[in-house]
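J.: First, the structure itself, so that you have it in front of you.
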Amino acid sequence: CMYFLVRGMVEVLVKDPNGEDQMHATLKEGSWFGEISLVRKIGRTASVRTITVCELFRLESSCFNEIMVSHPEFADSITSAVEARLQDHEKRQMEYLNPRNWMEGRQSSAHPGARRATKEVE
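In the working numbering, the protein residues as written are 1 to 122.
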């Protein structure tokens, strides 16, 4: 399923290479999530947790696939967003694995060995 955030705020959590959840982004109303697994036909790449009371619209995968076929402009837009999000995720993973970040003390003291990266998405 793909979810559209009508009201409220959520945080996106991604597992770091050690398997620990790290906050990756904060989403506000008007944002969406869940599209990566639908476009790429893979399992979830992140978990989402509410920060405030939320109202969501859920788009089932069968409807998503119909829309992708019947509305190519939507398909192009979603596919571009998926690629950008995956590139951002890969970049963050590479930053985490960079030994220079460990030596320069950039890791969070709250999670030894883990850097907490946040990004607000509109």
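Just so it is clear, CB atoms sit at the ideal spot from N, CA and C, and this is done for glycine as well.
Which same chain residues end up closer than 6 Å to F33 when comparing Cβ atoms and leaving out the 5 residues on each side of it in sequence?
T.: Excluding its 5 nearest sequence neighbours in each direction, F33 has C-beta neighbours in its own chain below 6 Å: Y3, V48, listed in chain order.
J.: Suppose the cutoff is 6 Å on Cβ atoms and the five residues either side in sequence are ignored; what does the same chain contact list for R58 look like?
T.: Cβ neighbours of R58 beyond the five flanking positions: C1, Y3.
J.: In three-state terms, what does DSSP make of K15?
T.: strand
J.: With a threshold of 16 other CB atoms inside 10 Å of the CB of F64, please say whether the residue is buried or exposed.
T.: buried
J.: Is the beta carbon of I36 sitting closer than 8 Å to the one on L5?
T.: No.
J.: Comparing C-alpha positions only, which one of S70, P72, T50 sits nearest to V162?
T.: Given a span of 1 to 122 for the chain in the structure shown, any question on residue 162 remains unanswerable.
J.: If you count every other CB in all the chains shown that lies within 10 Å of the CB of S108, and 16 or more means buried, which is it?
T.: Note on S108: pLDDT 46, under 50, position unreliable in the model; the coordinate value appears next. With fewer than 16 other Cβ atoms from the protein chains shown falling within 10 Å of its own Cβ, S108 counts as exposed.
J.: List the endpoints of the continuous alpha helix (DSSP H) containing V69.
T.: 61-70
J.: From the DSSP output, in three-state form, read off A84 for me.
T.: Here A84 carries a helix assignment [DSSP, helix/strand/coil].
J.: Name, in chain order, the residues that DSSP records as bridge partners for V48.
T.: Per DSSP, V12.
J.: What residue range is occupied by the uninterrupted alpha helix (DSSP H) comprising V39?
T.: 35-40
J.: If we call anything under 8 Å between Cβ atoms a contact, is I78 one with V39?
T.: yes
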